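Below is one structure, written out as structure tokens; comments come after it.
Residue numbers (the working numbering): 58 to 183.
Structure (structure tokens):
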């Protein structure tokens with residue numbers, strides 16, 4: 058059985074669920090550094106957008122009943138490979154111990170001009 062997750066006040070701009078819970082796993086759709094309440098990016102630089110994306114990821118996970126500590130896999134989509142060291146520093150701050158498995162894909166572009174996006178898989182706490 059699966060269950061879709063929508064954090065309070067979040068209405069996706071496209072036909073997808075922010076997260077789906079299935080068999081004790083939480084699959085989180087790609088999160089960008091976009092403020093859904095004020096309808097704008099948190100900033101124009103990759104650092105600010107990545108922190109916003111990770112905060113959005115955390116909000117979706119909380120709505121699903123889990124948190125960043127239970128993330129087992131992430132995929133990061135980055136538009137500028139030169140920013141890789143910067144995102145590593147930020148990533149370490151959000152995942153300080155037992156970092157999840159991660160892939161980082163350099164892409165030509167992201168929807169609506171986002172600079173970075175992160176998707177994740179987490180487990181539900183026991």
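Even for Gly, the Cβ is constructed at its ideal location relative to N, Cα and C.
No experiment lies behind these values; they were computed from the predicted model shown.
In the DSSP annotation of this structure, residue 125 is not part of any beta strand (DSSP E), being labelled neither H nor E. Per DSSP, residue 150 is one residue of the alpha helix (DSSP H) stretching across 141 to 151. As far as DSSP is concerned, residue 105 takes part in no beta bridge. Leaving aside the five residues that flank residue 173 on each side, the residues in its chain whose CB is nearer than 8 angstroms to its CB run, in chain order, 89, 90, 103, 106, 107, 110, 133, 134, 135, 136, 140, 144 and 167. Residue 99 holds the alpha-carbon nearest to the alpha-carbon of residue 170 among 114, 181, 99 and 180. Comparing alpha-carbon positions, the option among 83, 161, 94 and 121 lying closest to residue 138 turns out to be 161.
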